[in-house]
Structures are given as C-alpha cells and as structure tokens.
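Chains as they are written, first to last, in this note's numbering: chain A, 8 to 187; chain B, 1017 to 1176.
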Amino acid sequence: MLIRRFLPLLIFIGLFVAFMVGLTLNPREIPSARIGKPVPDFSLPPLEGDGVGLSTADMTDGDNIIIVNFFASWCGPCRLEHPSLMKLAKLDGVKLYGISYKDKPENSLSFLKTLGNPYVRVGMDLKGRNAIDWGVTGTPETFVVKNGIIRYQHIGPIYDVQVGELFLPLVKKLRQEGPS
Amino acid sequence: MRVLILAAFLFALTLDANAIGVDKDRLADPQQEARAFKIMKQLRCLVCQNESIAVSDASLAEDLRAIVRKQVRAGKPDAEIIAFMTSRYGDWVLLKPPLRPGTVILWFGPLILLVIGGFMVFRFVRQRPETAIARPLDADEKKRLKKILGEKNEQEGNMP
C-alpha cells in the first residue's frame, strides 16, 4: 500500500535523475567506430617534392606510438591546438605525422613555417577522400595508432592540459603493452 | 485547370528543395539517382547533426553524396553502401538507429509506457463504477436537498 502511494513520486524521481544525467551529456560527441580497427589503406603525396608523403606502412613502427593529426591552414581550431602538437611531438616514443586536409599545399607550408612544424612527415589529402576512410568528420582530428591499429580518436582541438592528462598516460600505457 | 498545373509545378519545386539540387554531377539515370537519394536520406550529416546528407550543405555531406552516387553507379546494393558508412562513422551515421541491446529502450520505451498508462486508465475507470451510474433521488434525499438549498437561499438573501 505504501509503495502504491509513493509510486508517482518514485517515477518522478527516476525521470528527474534520468533527465539530469541526460542534460550533462554532450550530444555533439560522436562515438568512434574506428577504435580497435586497422588504419585504412592509403598512400598520400608529400607536402613538398615527389614520391610518397605518408602511407599505411608508416603506421606500424615497432614500439613507437604513431599519432596522426588532420589539419588545415584554413581551420581556426587547428591554430588553437598547434602549441599542443608541438608538445605532443616531444613525448617519448611518439612519432607525430600530419595530414593536411582539403588545403592548398602552399597554404599548409606557410602555416607550418609560421607556427613551427611538429610533424615528422606530412601527407596531403587534397580532396578529403582519405579522411573519410579514417572516419574523420572535420579538422582538427587526431588518431593514436599502434602497430597499425587505431587506439584512440580525438575529435576537435587538443587542449594544452590534455597533452599531459590524456595523451601522456595513453602513450605510456600503450608503450607498456610492448610490440604485439 | 490552371490552378492545378500551378499546384503541380509548385509541388515539383518542393521535391528538389534540398542540397542535392546544387550538386553538379548527378547520376544520369533517374532511377539510379532516385536510389542514391533514398540512401542519402537515411544518412545523417556528421557536421550539421540533425540533417540527412541529402539536405545538408556541408562539404563533408557533399563528399559523402558523391561517394553514394559512385557506389550506386557501380551497382552496389543499398546494404553495402550503408555498411561503408557505418564502418567509418558507426551507427551514429544512421538517422534510424538499428535495433540492438543498447537501443531496446529507445525502440520499445514509448510502447511500454503506453501499455502501462493504458492499464492505469483502465484500472482507474473500473475501480469507481458507482460514480458513473446515475440514480434518481429517493424521497429522503429530496427532502434533504430542499432543506440545504433553502438554507442557502436564505443565507444569500440575508446578505447586504
């Protein structure tokens, strides 16, 4: 009998809690479908010169953790995250590669010349077709790869604090796994 | 007749009132283009999140439309084209979420609430049958009613 009296109140509290939790979630956060999957088959021209700039073969590199960053000179948040990338590139056992997304090569080059070039190498994805194979929704976007397998996908800019609080522990953890 | 033609013309305009109207390289075969459009309508734009790629003006949506068209032209079945998208962007890219353990509440929650609500209404109505049946007053009740009404009238009459 007591339960019946309080049932509406219990339902109300239940809905209240559900809605409160729901309101704190970020609807723009897209769950990644790529984590745990191999990187796509790709081969991109370099930003300067001829030959191959970046390809699937670069995504496996012994114990090293590969970080692939999609950027463009026309993208505001890319400028914002640029100092974070400079720090990221200096982490132990990290190789940071860049993919310039739908950008004119000369613009990407001057972008890197002005702000500094954190990348070991840069591939050009002129039409953005390669980005679709990675599941990229827009720049900036960053992938952490080990042994050719995508382990983490970061959508949006990397904030300064995230280098130490997110990427550093992740890189350490992945390196401890050893080569598989 | 003129009104009808005008109406038909205006209706035809609305059919095209979406972003694919600005795409240059549509499929030559209208049947293929229709199939491509049907697929595009099921795919969510990842930039403007509550639009399908069929109506979105975002450049990524444009790229994805081109891919859908290319695959339709190559004769790939719908399921394969959709799988191409979900393998890259997850179920998230589908405007109609598939039925999975995680989406059971989404799919059946409203139905369950409707059943519970219907049951509660049914119980509520059945529990109080007396209130629903009208019965003429007996002599005693009539007398009491007259007395009450009389008192009330008197009181009101006394008011200044």
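The C-beta atom is built at its ideal place from N, Cα and C for all residues, glycine as well. Every value quoted in this text rests on a predicted model; they were computed, and no experiment measured them.
I want to see whether chain B comes within less than 8 Å of residue i, judged by CB atoms only; does it?
| i | result |
| --- | --- |
| Gly-145(A) | yes |
| Ala-25(A) | no |
| Ile-72(A) | no |
| Gly-135(A) | yes |
| Gly-142(A) | yes |
| Ile-139(A) | yes |
Taking only three categories from DSSP, how would you classify residue i?
| i | result |
| --- | --- |
| Phe-49(A) | coil |
| Asn-1169(B) | helix |
| Lys-179(A) | helix |
| Val-101(A) | strand |
| Met-131(A) | strand |
| Val-170(A) | helix |
| Thr-1102(B) | helix |
| Arg-1060(B) | strand |
| Leu-1110(B) | strand |
| Ile-1055(B) | helix |
| Thr-63(A) | helix |
| Ile-162(A) | strand |
| Lys-153(A) | strand |
In terms of alpha-carbon separation, which member of the options lies closest to residue i?
| i | options | result |
| --- | --- | --- |
| Leu-1049(B) | Ala-1074(B), Arg-1081(B), Leu-1020(B), Leu-1076(B) | One detail in the question is off: residue 1049(B) reads as Glu in this sequence, not Leu. Nearest C-alpha to Glu-1049(B): Arg-1081(B). |
| Pro-47(A) | Arg-1104(B), Pro-1152(B), Asn-1066(B) | Arg-1104(B) |
| Ser-62(A) | Val-152(A), Phe-49(A), Tyr-166(A) | Phe-49(A) |
| Ser-80(A) | Ser-115(A), Leu-98(A), Tyr-159(A), Leu-95(A) | Ser-115(A) |
| Val-112(A) | Val-127(A), Asp-99(A), Lys-134(A), Lys-102(A) | A small fix is needed here, since residue 112(A) is Pro in this sequence, not Val. Cα-wise, what sits closest to Pro-112(A) is Lys-134(A). |
| Lys-97(A) | Leu-181(A), Pro-15(A), Gly-171(A), Gln-183(A) | Gly-171(A) |
| Phe-1053(B) | Ile-1097(B), Asn-1066(B), Arg-1139(B), Ser-1075(B) | Ile-1097(B) |
| Gly-163(A) | Leu-173(A), Pro-147(A), Ile-157(A), Pro-176(A) | Pro-147(A) |
| Met-106(A) | Gly-83(A), Met-131(A), Leu-122(A), Asp-99(A) | Rather than Met, the amino acid found at residue 106(A) in this sequence is Ile. Closest option to Ile-106(A), Cα to Cα, is Met-131(A). |
| Val-1109(B) | Leu-1127(B), Pro-1093(B), Val-1063(B), Gln-1143(B) | Val-1063(B) |
If we cut at 8 Å on Cβ distances, does residue i have a partner in chain A?
| i | result |
| --- | --- |
| Trp-1108(B) | yes |
| Thr-1102(B) | yes |
On the criterion of 16 or more Cβ atoms from any shown chain inside 10 Å, does residue i qualify as buried, or is it exposed?
| i | result |
| --- | --- |
| Ala-64(A) | exposed |
| Asp-70(A) | exposed |
| Asn-137(A) | buried |
| Tyr-108(A) | buried |
| Asn-1066(B) | exposed |
| Asp-110(A) | buried |
| Ile-1132(B) | exposed |
| Gln-160(A) | buried |
| Ser-117(A) | exposed |
| Ile-18(A) | exposed |
| Ala-1077(B) | buried |
Which residues, in order along the stretch 1042-1069 of chain B, keep a beta-carbon less than 8 Å from a beta-carbon of chain A?
Leu-1062, Val-1063, Gln-1065
When you check each C-beta in the stretch 1069-1100 of chain B against every C-beta of chain A, which residues fall closer than 8 Å?
Residues Ser-1075, Leu-1076, Asp-1079, Leu-1080, Ile-1083.
Give the residues from the stretch 31-50 of chain A that approach chain B closer than 9 Å (Cβ to any Cβ), ordered along the chain.
Residues Pro-34, Arg-35, Ile-37, Pro-38, Ser-39, Ala-40, Arg-41, Lys-44, Pro-47.
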